[in-house]
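Engineer:
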Amino acid sequence: MRPILIAALLGTSALPALAQEVNIYSHRQPELLKPLTDAFTEATGIAVNTAFVDTGMVERLKAEGDRSPADLIMTVDVARLGEVKEAGVTQPVEDDALEIIPENLRDADNEWFGLTTRARIVYASKDRVADGEVTTYEDLADPKWRGRICTRPFTNDYNVALTAAFLAHHGPEETKAWLEGVKANLAKKPEGNDRAQVKSIWAGECDISLGNTYYMGQMLKDDEQKEWADSVRIVFPTFEDGGTHVNVSGVAMTKSAPNRDAALQLMEFLVSDEAQKIYAETNYEFPVSDHVERSELVASWGEFTSDETPLTEISRLRPKALTLIEEVDFDG
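Heads up, the sequence shown is in the numbering used here, so the first residue is 5 and it goes up one at a time.
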C-alpha cells in the first residue's frame with residue numbers, strides 16, 4: 005500500500021502532503037462530497053476544490069483539453085462513467101489499493117472505479133402488496149400487476165441500465181417482450197422521478213414502483229416526503245438467474261490531471277474504511293468494500309445479493325437497451 009493510504013486507514017495525519025490541491029468536477033452536489041473531502045484534507049493537508057458540473061461535463065473537458073484544471077471526475081451511474089471514458093477525457097490508473105473494488109464494479113481498463121453502490125429495487129405498498137408477492141424483475145411483466153405499476157420514464161439512465169442488465173441475462177427477444185409486458189401493467193404514463201412514484205403509491209394511484217434504494221433515506225429526512233416513505237417497504241427483486249441489479253457512484257482520473265499524485269492519494273483514500281463509511285452514510289448507499297458495515301438505516305432495509313453482471317457489460321449494452329425501449333414506445 006502507498007503510505008498515504010496507510011495513514012488514512014489508521015486515521016493519522018502525520019504524513020506530509022505531496023501536492024497542495026486536488027480539483028474535482030462532480031455531477032453530485034459539493035455538499036454531498038464535503039464530508040469526504042474534509043476528512044481527506046484533515047488527514048493529508050491537501051485542499052480539495054469541487055466544481056458542480058450538472059451538464060456538459062464531456063464538452064467542458066474536451067474544450068479545456070490539456071489546460072483543464074480538473075484532476076478527478078466524480079459521478080453517478082455507469083452511463084456517465086462510460087461516457088467520459090468513451091470521450092477520451094480520462095486515463096487508466098494502476099494502483100494496488102483500488103483492487104479492493106470488486107472487478108464487476110470497475111472498468112476493465114481501469115479508467116473508472118465504483119465507490120458506492122445503489123440497488124434498483126421495488127417500492128411496494130405496505131397495505132396493498134403482500135410479503136413475497138414481488139420476487140423477480142421478470143415478474144413485473146406478469147399480468148397480475150396490470151394497472152398497478154408506476155415508474156419514471158424508461159429512457160432515464162437508471163432504467164436504461166436495468167434494461168441493459170436484463171438484456172445481459174435474457175437477450176433481445178425476451179427483453180423486448182418484458183418491456184412490452186411491464187408497459188402493459190402501468191397504472192399511468194411514465195413521468196417524474198423515483199420519489200414521485202412513491203408519492204403515487206401513497207396516493208393510491210399504483211401499488212409498486214421501481215426506484216433506487218437511497219431515495220428512501222432522502223424521503224425519510226424530508227418532512228413532506230416522510231409520509232410517502234412510510235407507506236412503502238423496500239423489496240429486493242432478483243433476476244431469475246442472478247441477483248439484484250446495482251449501479252454505482254464512481255470516480256475517474258482526467259487525462260490532464262495537473263495534480264496527479266495528490267489525485268491518486270484521494271482515490272486511495274476514497275476506498276479506505278473511513279471514507280467508505282462516510283460516503284455510504286452521507287448518501288444512503290452501500291460501500292463497495294465488503295468489510296465496511298452499512299449504516300444502521302441502510303442495513304434496516306434488508307439483505308440482498310448483488311447481481312454479478314459486470315458494469316462494463318451493462319455499459320456496452322446500453323445503446324441496444326435504449327433502442328428496445330424506444331421500439332416498444334415505453335414512455336409513449
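Just so you know, even glycine gets a beta-carbon here, dropped at the ideal spot from N, CA and C.
All of these numbers come straight from a predicted model, not from anything done at the bench.
(1) Can you give me the C-alpha to C-alpha distance between Gly254 and Asp234, rounded to a whole angstrom?
(2) Between Val75 and Met257, how many whole angstroms is the CB-CB distance? I'm expecting something under 8 Å.
(3) By DSSP's criteria, Leu214 is part of a beta bridge. Which residues make up the other side?
(4) Beta-carbon within less than 7 Å of Ala172's beta-carbon, same chain only, minus the 5 sequence neighbours each way: which residues are those?
(5) Could you tell me the boundaries of the beta strand (DSSP E) in which Val133 lies?
(6) At what residue ranges does the stretch 176–263 contain a whole run of the alpha helix (DSSP H), taking only runs of 4 or more?
(7) Would the stretch 138–147 count as touching the stretch 274–293 if we require 3 or more Cβ pairs under 8 Å?
(8) Would a C-beta distance cut-off of 9 Å place Thr167 and Ala47 closer than the cut-off?
(9) Excluding the 5 residues preceding and the 5 following Asp335 in the sequence, name in chain order all residues of the same chain whose CB lies nearer than 8 Å to its CB.
(10) Excluding sequence positions up to five away, which residues of its chain have a Cβ less than 6 Å from the Cβ of Thr41?
(11) Within 10 angstroms of its Cβ, does Glu272 collect 16 or more other Cβ (buried), or is it exposed?
(12) Can you tell me which of Val239, Trp206, Glu63 and Met223 puts its alpha carbon nearest to the alpha carbon of Tyr288?
(13) So, with DSSP's three-state summary, where would you put Thr59?
(14) Going by other Cβ atoms of all chains shown within 10 Å of its Cβ, with 16 needed for buried, is Arg199 buried or exposed?
(15) Using CA coordinates, which residue listed in Gly221, Ile153 and Asp227 is at the minimum distance from Gly185?
(16) Tell me the DSSP secondary structure of Glu330 in three-state form.
(17) In the structure shown, what three-state DSSP assignment does Ala21 receive?
Structural biologist: So, from the listed chains and residues:
(1) Spanning the alpha carbons of Gly254 and Asp234 requires a straight line of approximately 30 Å.
(2) The residue you asked about is not Val; residue 75 is Asp in the sequence shown. Indeed, because the Cβ distance is near 7 Å, the residues count as touching under 8 Å.
(3) DSSP lists Val126 as the bridge partner or partners of Leu214.
(4) Cβ-Cβ distances below 7 Å link Ala172 to Thr313, Glu317, Ile318 and Leu321 in the same chain, with the five nearest sequence neighbours on each side left out; the list follows chain order.
(5) For Val133, there is no enclosing beta strand (DSSP E), as DSSP marks it with neither H nor E.
(6) Listed in chain order, the alpha helix (DSSP H) elements of length 4 or more contained wholly in the stretch 176–263 are 198–206, 218–224 and 230–234.
(7) Cβ pair count under 8 Å is below three, so no.
(8) Ala47 sits away from Thr167, with the two beta carbons spaced by 9 Å or more.
(9) These residues qualify, in order along the chain: Pro157, Phe158, Thr159, Lys193, Pro194 and Ile329.
(10) For Thr41, same chain residues with a beta-carbon under 6 Å away, outside a window of 5 residues either side, are Val52 in chain order.
(11) By the neighbour-count rule (16 or more Cβ atoms within 10 Å), Glu272 is buried.
(12) Closest in C-alpha terms to Tyr288, from the list Val239, Trp206, Glu63 and Met223, comes Met223.
(13) Thr59: coil per DSSP, three-state reduction.
(14) Label assigned to Arg199: buried.
(15) Residue Ile153 is the option with its Cα nearest to Gly185.
(16) Correct three-state label for Glu330: helix.
(17) In this prediction, Ala21 has a pLDDT of 39, which is less than 50 and means its spatial position is unreliable; what the coordinates show is noted afterwards. DSSP places Ala21 in the coil class of the three-state scheme, outside both helix and strand.
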